[in-house]
Structure formats: structure tokens, C-alpha cells
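J.: The structure under discussion is supplied below as C-alpha cells; questions concerning it will follow.
Here you go:
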């Protein structure tokens, strides 16, 4: 490259990489739901059901646009929604699918850093204790409370849907 060509890069800064040793934030949401573990587990994987509790007006000012799900370990999902007038793409990869006991996957909204979600299902007679553990990257610390509220609302919406 000539000096003229290189000069077009002057003054531009390349963002520093995020430190990989930054500790993520962790939180959990639990709820006991009057339904068998298998039924609750399936609500996490079948797009028709996902659109009825994970997103939409029961969770916030949202509208479901498209839900795609490849249910298998290392399978990917992509959920396209409209939240507060903006298009949001939630995507991730399934790490563990152990029906009806455990589900683990990555979770990323748009181009933000991905977090991790672990879900456990413990059946006790005719009820199931659902526990959602979320690992939020340090880079999203300013959105931690909003993320907690979203997962709490999702848990409640799932419980309400299954108790009908």
C-alpha cells in the first residue's frame, strides 16, 4: 500500500479485545409448576410453544416474527422477535438435551456477547420445580437487571400457560 492508501486508516482505533478472564454474573430463577417435567421440558423445544411463553406480550412489548429450532446437541436455534419496535435475533446452541431433566444452551441477542443458560426440571409428584440458571457475560453488566426481569417474566408466563 502507498502512504496515501495507509493514511485513510489514520485516526481510526481498533477496539481492544474483551478480557477473557472477566468473571460473568450468575443468577437463578425458580418456580414450582403444576405439570409433569416432560410437558414443561417440551415447552422449551417446540417453536409453537416457545412463541406462547418465552416471547410476546406476556413477557414485554414483543411480537414473535420467526422461530427456528434444531433440537439436538450442538443444534442451533434462532428466534426473531420485535421488541419495543426493534428487531431482535436471539440465537444459541444446545449443549445438553437430557429429557426431561436438564437443558443447557448458549444465548445471544443480536451481536452482543453470548451467555449460558442451564435449566433443570425436578419432578415431585404432580409438580415440577423448574430452575433456570443464567450466566451473563461481564460485558453486559449494565443490562443485568433487565435480563433478570426478562427471565423471571418468562418463567412466570410458562407457569401461567401450563396451569390453564
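In my numbering, the protein residues as written are 34 to 197.
All residues carry an ideal CB built from backbone N, CA and C; glycine is no exception.
Based on Cα-Cα distance, which residue from 154, 152, 120 and 125 lies nearest to residue 141?
T.: The residue labelled residue 141 in the question sits at position 108 within the chain shown. When only C-alpha atoms are compared, the closest one is 125.
J.: Using the Cα positions of residue 101 and residue 88, report the straight-line distance between them to the nearest angstrom.
T.: Counting from 1 along the chain shown, the entry for residue 101 is found at position 68. Counting from 1 along the chain shown, the entry for residue 88 is found at position 55. About 14 Å.
J.: Hey, which unbroken runs of the beta strand (DSSP E) at 3 residues or more fall wholly within the region 104 to 148?
T.: As far as the region 104 to 148 is concerned, its whole beta strand (DSSP E) runs of at least 3 residues are 109 to 116, 119 to 131 and 135 to 142.
J.: Classify residue 148: buried if its beta carbon has 16 or more other beta carbons within 10 angstroms, exposed otherwise.
T.: Taking the chain shown and counting its residues from 1, the one referred to as residue 148 is at position 115. Classification of residue 148: buried, given that the 10 Å Cβ count is 16 or more.
J.: Measuring only from the beta carbon, is residue 129 closer than 6 Å to any heavy atom that is part of the ligand ADP?
T.: Only the bare structure without any ligand can be found here, which leaves the ligand ADP out of the picture.
J.: Could you give the C-beta distance for residue 151 and residue 166, rounded to a whole number, given that I count them as a contact under 8 Å?
T.: By one-based count along the chain shown, residue 151 stands at place 118. By one-based count along the chain shown, residue 166 stands at place 133. Their Cβ separation, rounded to whole angstroms, is 4 Å, which keeps residue 151 and residue 166 in contact under 8 Å.
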